[in-house]
Amino acid sequence: MVKRCNETLLKIIRIATLEGKDWKRVLQNFLFQYRTTPHTVSGLSPAELLMGRRLKDKLPRVTIPSERITEAHWQQLLRERDVQGKLRQKEYADSKRSAQYSDIGEGDQILLNKSRDNKLSPNFEPLPYKVVEKKGNAVLIQDHEENTRLRNASHMKKFIQPDPATEATEATEVHEGDQEEDTPTGRQLETTVLTPPTYVDKQLNLPPESSASPLSSRPTRVRRPPAWMSDFVSFCALTPEHPVLI
1 MVKRCNETLL KIIRIATLEG KDWKRVLQNF LFQYRTTPHT VSGLSPAELL MGRRLKDKLP
61 RVTIPSERIT EAHWQQLLRE RDVQGKLRQK EYADSKRSAQ YSDIGEGDQI LLNKSRDNKL
121 SPNFEPLPYK VVEKKGNAVL IQDHEENTRL RNASHMKKFI QPDPATEATE ATEVHEGDQE
181 EDTPTGRQLE TTVLTPPTYV DKQLNLPPES SASPLSSRPT RVRRPPAWMS DFVSFCALTP
241 EHPVLI
């Protein structure tokens, strides 16, 4: 926001310089208009929020009598407008970033994200942590040495403990599959015993090399004279005995 405001100020000064006006006076007029313009969220101008009264400007406005509303009610209305504006901004940012609520709770096992030293280093620490307390996005975790840390929920993921029975079943299936691949069947043994060895003659009967010139790798086009020269023949007689056709 500061960068955008500075760009606007530089634009006003540039315009005043090109028009030959005093840029200091033009800048003061612009700042007065900026400070008296109502904000879209609060509905009040920055000067009114700071001083508690409206500054007199040249724009006509419809004012609400002060006896119709109290100061406490006015402050409560401003807070509600501010909360609604921030909530709209949060929903818009969450929809653009595809944000999701974290399902991590107290007592869960989590893996903490770590900075990678190179391309082969893992994204998370190998040892899990235990969630001690969670307040919003702030999560208090504890390691196996009972040391506590405070981290954000976006820097961790839930650790799912593998089932020992499932691991044993998968290991048994893999071991049986390896044995089936290594042990030959009866049909394979019979084929190995009964099949006589065959020998391949190393001297192959290759056709004799052709003495003709190798074919061109690129095609050649047929050159023909133009059609208008089909009935036109001219001679250039250098000598009467040896005429040359052109």
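In terms of the UniProt record's numbering, the sequence shown opens at residue 1 and continues consecutively. Where a beta carbon is used, it is the ideal one built from N, C-alpha and C, also for glycine.
Cβ pair count under 8 Å reaching 3, the stretch 69 to 79 against the stretch 94 to 111
no
Just to check my reading of the structure: Phe159 and Gln89 have Cβ atoms closer than 8 Å, yes? What is that Cβ distance to the nearest angstrom?
Position 159 of the sequence shown, counted from the start, is the residue given in the question as residue 159. Position 89 of the sequence shown, counted from the start, is the residue given in the question as residue 89. About 34 Å separates the two Cβ atoms, so there is no contact after all.
So, under 8 Å CB-CB, Leu112 and Arg151 are touching, yes? Tell me the CB distance rounded to an integer number of Å.
Stepping through the sequence shown from its first residue, residue 112 is reached at position 112. Stepping through the sequence shown from its first residue, residue 151 is reached at position 151. Sure, about 7 Å apart at Cβ, within 8 Å.
For Ile12, collect the residues of the same chain with a Cβ closer than 7 Å to its Cβ; drop the 5 residues on either side in sequence, then sort them by chain order.
Position 12 of the sequence shown, counting from 1, holds the residue named residue 12. Closer than 7 Å at the Cβ level, and outside the excluded window around Ile12, lie Val26, Leu27, Phe30.
For the alpha helix (DSSP H) that contains Ile12, what are its first and last residues?
As a position in the sequence shown, residue 12 is number 12, starting the count at 1. Note, Ile12: alpha helix (DSSP H), 2 to 18.
Continuous alpha helix (DSSP H) stretch holding Lys24: start and end:
Within the sequence shown, the letter at position 24 stands for residue 24. 23 to 35 is the extent of the alpha helix (DSSP H) around Lys24.
Check each candidate in Pro128, Ala153, Leu9, Arg97 and name the one with the smallest Cα separation from Glu146.
Mapped onto the sequence shown, residue 146 falls at position 146. Measuring from the Cα of Glu146, the nearest candidate turns out to be Pro128.
Nearest-angstrom beta carbon gap, Val132 and Met156 [assumed within contact, 8 Å]
On the sequence shown, position 156 is the one that residue 156 refers to. On the sequence shown, position 132 is the one that residue 132 refers to. With 8 Å as the limit, Met156 and Val132 do not qualify as a contact, their Cβ atoms being about 13 Å apart.
Under 8 Å between the Cβ atoms of Thr36 and Asp57?
If you number the sequence shown from 1, residue 36 lands on position 36. If you number the sequence shown from 1, residue 57 lands on position 57. Yes, the pair counts as a contact, with Cβ atoms nearer than the cut-off.
Under 7 Å: does the beta carbon of Pro46 sit that close to some heavy atom of the ligand GDP?
Only the bare structure without any ligand can be found here, which leaves the ligand GDP out of the picture.
Cβ pair Lys114, Glu125 closer than 8 Å
On the sequence shown, residue 114 is found 114 positions in, with the first residue counted as 1. On the sequence shown, residue 125 is found 125 positions in, with the first residue counted as 1. Against a cut-off of 8 Å, the Cβ pair of Glu125 and Lys114 comes out as a contact.
Glu133: first and last residue of the uninterrupted beta strand (DSSP E) it sits in
For the purposes of this step, residue 133 is identified with residue 133 of the sequence shown, where counting begins at 1. Where Glu133 is concerned, the enclosing beta strand (DSSP E) stretches over 129 to 135.
Proximity to Gln161 [Cα-Cα], best of Val83, Lys86, Lys130
For the purposes of this step, residue 161 is taken as residue 161 along the sequence shown, with counting starting at 1. With distances taken between Cα atoms, Gln161 lies closest to Lys130.
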